[in-house]
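K.L.:
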Amino acid sequence: MKTLRLSCSHALIKYLIAQKIMIDGKKMPLFAGAFGIYGHGNVACIGQAMEEYQNELPGYRGHHEQNMALSGIGYARAMRRKQIFIATSSVGPGSTNMVTAAAVALSNRLPILLLPGDTF
C-alpha cells in the first residue's frame, strides 16, 4: 500500500469531498461548496487545500463571516437539508462572528459546517 502524505487541512478537504448523498437517485456531493475569508490564521493551511481542490469543492471568498455562514444556512434551507455548505474563518473575531449564524442553524435545525480559525 502506497503512503499518501497530506497536511491535516488537505486530509480534511479530501474527506469532505468524499462525502456523498443520494438525491433523487443520483449520487451527489454532500458539501456543495465552501465560503472562506483567508487571513493570517488559515491562508497557509485550509486556504491552500481548498485552492488545490477547487474543482471538487468550489470555494467562494466572503467578506464577513456571519454573512457567509447565514448564506450557507440559506442554501441548506433551499436544498431542503440535502446539501451543506462550509464556512471557514481566520483567527480571532472572525470566529466569533459566526456564533449568531450557528444559533440560527441550531434553532432552525439546518445543517452547516463551521470551521473557525484558532484564537490567540
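Read left to right, the sequence shown gives residues -3 to 116 (my numbering). Just so it is clear, CB atoms sit at the ideal spot from N, CA and C, and this is done for glycine as well. Since the structure is predicted, the reported quantities are computational estimates derived from the model, not experimental observations.
1. So which of I33, N51 and M(-3) has the shortest CA-CA distance to I9?
2. Rounded to whole angstroms, what's the CA-CA distance from F116 to M64? Just pull it up for me.
3. DSSP three-state label for F116, please.
4. State the beta-bridge partners of A30 as determined by DSSP.
5. Using the three-state DSSP reduction, which class does L66 fall into: helix, strand or coil?
6. For P89, does the three-state DSSP call read helix, strand or coil?
7. Would you report the Cα separation of A40 and S3, rounded to the nearest angstrom?
8. Counting Cβ pairs, one atom from each stretch, are 3 or more of them under 8 Å apart for the stretch 95 to 105 and the stretch 41 to 60?
P.N.:
On the basis of the coordinates in this document:
1. Among I33, N51 and M(-3), the Cα nearest to that of I9 is on N51.
2. Summary for F116: the model assigns pLDDT 48, below 50, so the residue's position carries little reliability, and this model does not support an answer.
3. Unreliable positioning characterises F116 in this predicted model, as indicated by a pLDDT of 48, which lies under 50. The coordinate reading is nonetheless provided below. F116: coil per DSSP, three-state reduction.
4. G55 and I82
5. helix
6. helix
7. 11 Å
8. no
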